[in-house]
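Going line by line, the protein sequences match chains A and B.
Numbering of the first sequence is given in the numbering used here, commencing with residue 9 and proceeding in unit increments.
Numbering of the second sequence is given in the numbering used here, commencing with residue 9 and proceeding in unit increments.
Only one structure is covered here, and it is reproduced in the block below.
Protein chains: 2
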Amino acid sequence: MESIQILGLVAGICTSSSVIPQLVKTIKEKKASDVSWIMFIVLILGNALWIYYGGSKSDIPIISTNIFSLLLNTAMLFCKWKYRKKTNKT
Amino acid sequence: MESIQILGLVAGICTSSSVIPQLVKTIKEKKASDVSWIMFIVLILGNALWIYYGGSKSDIPIISTNIFSLLLNTAMLFCKWKYRKKTNKT
Numbered sequence: 009m010e011s012i013q014i015l016g017l018v019a020g021i022c023t024s025s026s027v028i029p030q031l032v033k034t035i036k037e038k039k040a041s042d043v044s045w046i047m048f049i050v051l052i053l054g055n056a057l058w059i060y061y062g063g064s065k066s067d068i069p070i071i072s073t074n075i076f077s078l079l080l081n082t083a084m085l086f087c088k089w090k091y092r093k094k095t096n097k098t
Numbered sequence: 009m010e011s012i013q014i015l016g017l018v019a020g021i022c023t024s025s026s027v028i029p030q031l032v033k034t035i036k037e038k039k040a041s042d043v044s045w046i047m048f049i050v051l052i053l054g055n056a057l058w059i060y061y062g063g064s065k066s067d068i069p070i071i072s073t074n075i076f077s078l079l080l081n082t083a084m085l086f087c088k089w090k091y092r093k094k095t096n097k098t
C-alpha cells in the first residue's frame, strides 16, 4: 500500500470516527432530541454518493471510510428513531 | 467538468453541509455544551489530511469540499469556545 493511501485512510478514519462520541453519548443518555434528523439523512446520502465516486476511481480510502461512515450514521439514525419512541411512551 | 466530478461535488456538499444545522442551532441557542470538543478537533485534522490527499491526486471534489468543511468545523469550534466563556461569566 502506498503512503498516500495510508494518509487517505487516516484522513477517513478522522472524519468518519467523529460521529462515535455522538453515538456513545446518545446510547448512554438514551435520548437524541438535540440531534437533527435531516443532518443524518443528508450525511447518509453523501456517504452513498462518495462510495459511488470512490468506486468509479477505484479509490480505496474513499470507498472504505465512507462504508464505515455510512454504518455509523445509519446506527445513529436508528438510535434517534429508537429513543424517540421510548420518550413518547413514558 | 465531467459528470463524475459533479457527483463528487454533490457528495461533498452533502457530507460537508451536515454540520450547518448544528452550527445554526448553536448560534441560535448560544450554547454548545452538548457538542464534543474532541469531535471537532478530530474532524478538522481529518479535513486537513483529506485536502493534502486530494491535492496529491489533483482531485477537485475532495479538495474543495474539505476546504468548505474545514471552514465550517473551525466556525463550530469557535462558537463552542465563545459560548463556553459566556456561560462561565453568568
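Where is the CB? At the ideal position from N, CA and C, for every residue including glycine.
Cβ of residue i within 8 Å of any chain B Cβ
i     : result
A:S26 : yes
A:L78 : no
A:A19 : yes
A:G16 : yes
A:S2  : Outside the shown range of chain A (9 to 98) lies residue 2 of chain A, about which nothing can therefore be said.
6 Å Cβ shell around residue i - same chain, five flanking residues per side excluded
i      : result
B:V163 : Residue 163 of chain B lies beyond the residue range present for chain B, which begins at 9 and ends at 98; the question has no answer from this structure.
B:F76  : S24
B:L80  : V27
Under 8 Å from the C-beta of residue i: neighbouring residues of chain B
i     : result
A:C87 : Going along chain B, no residue has its Cβ under 8 Å from A:C87, so there is no contact; the nearest lies around 15 Å.
A:T34 : Here the premise fails: no neighbours, minimum Cβ distance about 10 Å.
A:L31 : Here the premise fails: no neighbours, minimum Cβ distance about 11 Å.
A:Y61 : I12, L15, G16, A19, P69
Chain A residues whose Cβ lies nearer than 7 Å to that of residue i
i     : result
B:L53 : C22
B:I46 : P29
Chain A contact for residue i (CB, 8 Å cutoff)
i     : result
B:S41 : no
B:I12 : yes
Sequence-distant residues of its chain with Cβ nearer than 8 Å to residue i (five each side left out)
i     : result
B:V43 : Q30, T34, M84, K88
A:L78 : I52, N55, A56, I59
B:A19 : P69, T73
Contacts that residue i makes with chain B (C-beta to C-beta distance below 9 Å)
i     : result
A:S72 : Result: empty, since nearest Cβ-Cβ is about 13 Å, beyond 9 Å.
Chain-order list of residues whose beta-carbon lies under 7 Å from that of residue i (same chain, five-residue window excluded)
i     : result
A:A61 : Note that residue 61 of chain A corresponds to Tyr in the displayed sequence, not to Ala. Hits under 7 Å: I70.
B:N74 : N55, W58, I59, G62
A:W45 : K88
A:T98 : Note that A:T98 scores a pLDDT of 48, beneath 50, so its modelled location is shaky; the value from the coordinates is reported in the next line. So the list is empty, once near-sequence residues are dropped.
Rounded Cβ spacing between residue i and residue j (contact assumed at less than 8 Å)
i     : j     : result
B:S72 : B:L17 : 7 Å
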